[in-house]
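What follows is a single structure, written as structure tokens, with notes after it.
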Amino acid sequence: MASRTEYSPLGDWWWTVDRLILAAIAVLMLAGLVLSLAASPPVALRMERDPFFFVNRQVMYLIPAVAILLGTSLLSLRQIRRLSMLVFVVSLVLVAATLLYGAEVKGARRWIVLFGLSIQPSEFLKPAFVIVIAWLFGESTRRPEMPANLVALALLLLVVSLMVLQPDFGQTMLILLVWGALFFMAGMRLVWVAGLAATAAAGLAGAYFTVPYVTRRIKGFIDPSSGDSFNIGIALESFARGGWFGRGPGEGTIKRILPESHTDFVFAVAAEEFGIVLCLVLLALFAFIVIRALRHALSTEDPFARFAASGLAILFGLQAAINMAVNLHLLPAKGMTLPFISYGGSSMLSLAYGMGMLLALTREHPRAEMLDSRNAYAGSPA
Amino acid sequence: MSSMDSAPQLDLQPPENPAPVGPAPDQASPAKTWRRFFGQGLLYGRDADRGRKVKARIGLAIAAFVIVFSVIATRLVMFAVAPDGRNWHRSAPAERMSATRPEIVDRNNQILATDVIAPSLFAEPRKIQDVDEAVELLTAVLPEFDATELRDRLASRKGFVWLKREISAKQAQEIRRLGIPGVGFMPENRRVYPNNAEVSHVLGYVNVDNQGQAGIEKWLDARGLAALHLAGLATDRLQTPIELSLDLRVQHALREELIAAAEKYRALAAAGVIVDVLTGEVLAMESLPDYDPNNPRQAVDPQRFNRITNGLFELGSTYKALTLAMAIDSGKVTLNSTFDARQPLVFGKFTIDDFHAQKRILTVPEIFTYSSNIGTAKMALSLGIEHHKAFLRKLGQLTRLNTELPESREPMYPKYWAEINSATIAFGHGLSVTPLQAVMAISALVNGGYLVPPTFLKRSPAEARELAVRVIKPETSEAMRYLMRLNVEKGTASRAEVKGYYVGGKTGTSEKVVDGHYSKHKILNTFTAVLPADNPRYLLLIMLDEPQPTADSNGGATAGLNAAPTAAKVISRVASMLGLEPRYDLPLAERLILAKWR
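Taken in order, these protein sequences are the chains called A and B. All residue numbers for the first sequence refer to the working numbering, where the first residue is 1 and numbers rise by one. All residue numbers for the second sequence refer to the working numbering, where the first residue is 1001 and numbers rise by one.
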């Protein structure tokens, strides 16, 4: 692509970016496209649309997604912080606006129409929030006298309460888990970690007893005969029918009766048509990206870069793990997309943004550049 | 925020110094000490090297992810290795969607039960946009829907509700054409019994989830069909059909004659069974009123229970055959022995008398043909209570008879067995058994002396020989054949004769117990026929519950007047189906049977 001897921003990027993670993401995106061909036509037909409606849209989303992925991966740490601060504030406002103006879908307000596009601002909130929190925890390492931890806690409460109001318990859980993981990594004493875990457990118990839909989901998980676990039963059948090598492309039958086969249950469709082997390959790709990114976080020395990379990797990994676990009936049903595979514009763009930042954070920055970036930052007001 | 007074602590270099243990008075103000205490001590631990701690904890996060991904991978592999495995809860909807069942065929490969695929109508109420419209459209196609109930179901916020299981293809087509969003079909296996009520109690029936609820269907499940499904072995077309011992043609004839008899004699219920005495195979079994297995709702009516395996009856005189066989087998009684039947037997306030009273000394064959209660009671008493009990136990009359059919009953007999009990049980009162149990015993009496447990599945003679247990001597069996035939030639069973088939038999007219007393008017009639009597192959039992006298019976309603002629009708129809060739001009029992062993 570019010679090492000549300096250019693009050449610099090519030689420093983690090309293996980039390749893994590219494979996931392609797999998503292929699986969309399998999983979405029945849904489109059910909605009385053109069979390739969702496939076409997925392609349309992939183009800006790739642009965002590559664009953000070019950013410096400082630019990432600034961009994320902006995205965080804007999406926070949009999430709040969703509560007021959003359309109610299946009893929740998560979507808002902006410039003719229906978007889910909470998707964009997640990665931006991770960066902001990582910055705060990084600051607390560097400058203990700053009340960074308190600010981080306050932001968490703000974001979580907006999510609960929507309500969106899947995203709430995800955000709580990522925040908790970062808090834990930041080196908090185990007493605090335990205390937070207890609070989260109490919150979950509270939700179980007060929010009917959470009650149903959890009951349905524990005792499938109590109803509302239809999707899961069907999804499990797909895995059983698929076997090692699947029934072959287009041979899936369960996708026709599985609601949300193109979003939350695309993994099950993949199993039926392409087999458990493909599922294991997808799982391996996710695991590879997460673990490699976390190992980058281990080796990097900058506290912000370390927290931000770990946070984004954990966000990505948890989202994938939760989706797969729900498909396999290891967790109660939760609306969560499988990164880069599931259909969904907001989810796709937000993931591209998040993973673009992860690529930027895991680039092999020469130490001098890091020091440079740090000094530049230290001198400027936040 | 911008306090830059302390030197920036770069993480690149290790902290010069672990955090100070106590406040250093000359270095910081109280406020800063406080902050440092909370910021460092309370949150992170006092002496923590945070850089190292962060690294260790990222390591922990990696480990956690490795575990989580491994769990998911394991689960995936489990699905691939054991599809349909026990990986999900038993009652998950996927499994509730009716299981496939093997076909059931009769001994000639006629289909008795099979699976057909039928669409079931379901709705996803959350996806239904206009409930009222959906209700209106659906009730137009399926008028049996209750509009209010349907509206409630569609208006619920559930993800999935069944609307109607197993609808016809035509209805499905019409509903599909309506194009209601949120309403769909799922193909389900539906059990179909092409012979309707012809074979009911043997087959049993399944519920809407295709799980066996009675009869062979339930046995199939209990035997491990459910387990087969879980192991993924019972897939669509791989199952071998279950071959029953039944012969559909014989079953049809038996049922038709029983229906006719029940009507002619105005009986409350009628039942019959035909078994192969050598193999124990049940060739036909009918218990009226029966039900159509395609309509399981009928089956729950308590009157429609299986009287042959699940009804307990005092079989009356039919049971005398057992007593005579016991007596002859003991060697103490021969066909020439005599018993005094001049006086009724008196036990305290009970008196045992004869129905066809002869008031004289009777020989053993006479006791059988006149069906003398006094004679049989004396015969049993002459051998003693213990001998009587042991003999009945040997013939399986005191324990529950287990066949493939789950419907069975424990026999009822007195806990304290006194002489009076032996005396009455000798002629079939005071011991209640299931008719199939009695059939098993009488088969043993005439088949050469082997007790063969009855079965509803096809069984080869070799398999039967392995299961057979000798219970009486072959000579005793010959004597019993003679007595049975004699009873038709000149006893109470003369109306059972069918020319050419050399029928032998024993009638049984027992008074039913009503409110703890034997009723004179409510009777239960049985007739047991063996054919051909000189070398029995088949045994037929006919049972009529409370038959009424007919115009040509002179007010009588004993078994010889109704059960025996019914048996004759059945025999004349089924004998050729059973492969028996008619033989004419056969000598009387005395010469044909007795001569062989004398």
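For glycine and all other residues, C-beta sits at the position ideal for the given N, C-alpha and C.
So does the segment 1101-1108 of chain B actually touch the segment 1238-1258 of chain B, counting three or more Cβ pairs closer than 8 angstroms?
Touching, yes.
Where Ala1155(B) and Thr1139(B) are concerned, what is the direct C-alpha to C-alpha distance, given to the nearest angstrom?
Each residue's alpha carbon lies about 15 angstroms from the other.
When DSSP labels each residue in this structure, what does Val316(A) get in the three-state scheme?
Note that residue 316(A) is Phe in the sequence shown here, rather than Val. In the structure shown, Phe316(A) sits in a helix (DSSP, three-state: H, G or I).
Over what stretch of residues does the alpha helix (DSSP H) that includes Phe183(A) continue unbroken?
Looking at the DSSP string, the run of the alpha helix (DSSP H) that includes Phe183(A) is 169-185.
Between Val1514(B) and His1521(B), what straight-line distance do the alpha-carbon atoms span, to the nearest angstrom?
Each residue's Cα considered, the two are about 10 angstroms apart.
By the criterion of Cβ-Cβ separation under 7 angstroms, what are the contact partners of Trp135(A) in chain B?
Within 7 angstroms Cβ-Cβ: nothing; Trp135(A) doesn't reach chain B, min ~13 angstroms.
With a threshold of 7 angstroms on Cβ separation, who are the neighbours of Tyr343(A) within its own chain once the five nearest residues in sequence on each side are excluded?
So the qualifying residues of the chain are Ser36, Ser40, Phe54, Gln58, His262, Thr263.
Can you grab the Cα-Cα spacing for the pair Phe1145(B) / Val1135(B), in whole Å?
Looking at the two C-alpha atoms, the distance is approximately 9 angstroms.
Can a CB atom of chain A be found closer than 8 angstroms to the CB of Phe1069(B)?
So, interface residue.
Per DSSP, what kind of secondary structure is Pro1365(B) in: helix, strand or coil?
Looking at Pro1365(B) - three-state DSSP - the assignment turns out to be helix.
Could one say the Cβ of Arg1255(B) lies closer than 8 angstroms to chain A's Cβ atoms, at least one of them?
No, Arg1255(B) lies away from the interface with chain A (no Cβ there is under 8 angstroms from its Cβ).
Is it the case that the CB of Leu258(A) approaches a heavy atom of the ligand NAD more closely than 7 angstroms?
As far as ligands go, the structure on display features none, and thus does not contain the ligand NAD.
Hey, which unbroken runs of the alpha helix (DSSP H) at 4 residues or more fall wholly within the segment 1350-1400 of chain B?
The segment 1350-1400 of chain B contains these whole alpha helix (DSSP H) runs: 1364-1369, 1373-1383, 1385-1394.
Please compile the residues from chain A whose C-beta is within a distance smaller than 7 angstroms of the C-beta of Lys1164(B).
Within 7 angstroms Cβ-Cβ: nothing; Lys1164(B) doesn't reach chain A, min ~16 angstroms.
Would a check of beta-carbon distances place Met185(A) closer than 8 angstroms to chain B?
It does; some Cβ of chain B falls within 8 angstroms.
Would you call the segment 1110-1128 of chain B and the segment 1190-1198 of chain B touching, i.e. three or more CB-CB distances under 8 angstroms?
Yes, since at least three Cβ pairs between the segment 1110-1128 of chain B and the segment 1190-1198 of chain B fall closer than 8 angstroms, the two stretches touch.
Between Val1488(B), Thr1100(B), Ser1510(B), Gly1508(B), which has its C-alpha nearest Tyr1502(B)'s C-alpha?
Closest by alpha carbon: Val1488(B).
Can you tell me whether Tyr208(A) is helix, strand or coil according to DSSP?
It is helical.
Tell me which same chain residues have a C-beta within less than 8 angstroms of the C-beta of Met1004(B), skipping the five on either side of it?
Confidence in Met1004(B) is poor, its pLDDT being 41 and thus under 50, which makes the residue's placement too unreliable to answer from.
Can you check whether the CB of Thr1528(B) is closer than 8 angstroms to the CB of Lys1506(B)?
Contact flag set, yes.
Name the two residues that bound the continuous beta strand (DSSP E) containing Arg1190(B).
Its beta strand (DSSP E) spans residues 1183-1192.
By alpha-carbon positions, which one of Ala1222(B), Met1285(B), Thr1492(B) ends up nearest to Ile1367(B)?
When each option's Cα is compared against that of Ile1367(B), the closest is Thr1492(B).
Around the Cβ of Ala1341(B), are there at least 16 other Cβ atoms within 10 angstroms (buried) or fewer (exposed)?
By the neighbour-count rule (16 or more Cβ atoms within 10 Å), Ala1341(B) is buried.
Check this for me: beta carbons of Lys1320(B) and Thr1376(B), under 8 angstroms apart or not?
Yes. Within cutoff.
Which of the residues in the segment 319-342 of chain A, read from start to end, lie with their CB under 7 angstroms from any CB of chain B?
Residues Ala321, Met324, Ala325, Leu328, His329, Leu330.
Kindly list, in the order they appear in chain A, the residues whose Cβ is closer than 8 angstroms to that of Leu1137(B).
Going along chain A, no residue has its Cβ under 8 angstroms from Leu1137(B), so there is no contact; the nearest lies around 16 angstroms.
Report the rounded CA-to-CA distance for Ile1542(B) versus Ala1557(B), giving the unit in angstroms.
Computed Cα separation, rounded: 14 angstroms.
Residues bridged to Glu1511(B) by DSSP?
In the DSSP output, where bridge partners are listed per residue, Glu1511(B) has Ile1523(B).
For Asp18(A), which residues from the same chain have a beta carbon less than 6 angstroms from its beta carbon, with the 5 sequence-adjacent residues on both sides left out?
Closer than 6 angstroms at Cβ, skipping near neighbours: Thr362.
At the level of alpha carbons, what is the spacing between Leu358(A) and Leu153(A)?
In a straight line, the C-alpha of Leu358(A) is about 23 angstroms away from that of Leu153(A).
At a Cβ threshold of 8 angstroms, is Glu1133(B) touching chain A?
So, not an interface residue.
Answer yes or no: do Ile341(A) and Ala31(A) have a C-beta to C-beta separation smaller than 8 angstroms?
Result yes, Cβ atoms of Ile341(A) and Ala31(A) sit closer than 8 angstroms.
Compare the C-beta of Lys1394(B) with all C-beta atoms of chain A and state if any pair is closer than 8 angstroms.
Output row for Lys1394(B): interface = no.
Check Asp1146(B) in the structure and name its three-state DSSP category.
In this structure, Asp1146(B) counts as coil in the three-state DSSP scheme.
Can you tell me whether Ile1128(B) is helix, strand or coil according to DSSP?
Looking at Ile1128(B) - three-state DSSP - the assignment turns out to be coil, as it is neither helix nor strand.
Identify, in the order they occur along the chain, each residue of the same chain with its Cβ nearer than 8 angstroms to the Cβ of Leu155(A), setting aside the five sequence neighbours on each side.
The answer, listed in chain order, is Phe129, Val132, Ile133, Leu136.
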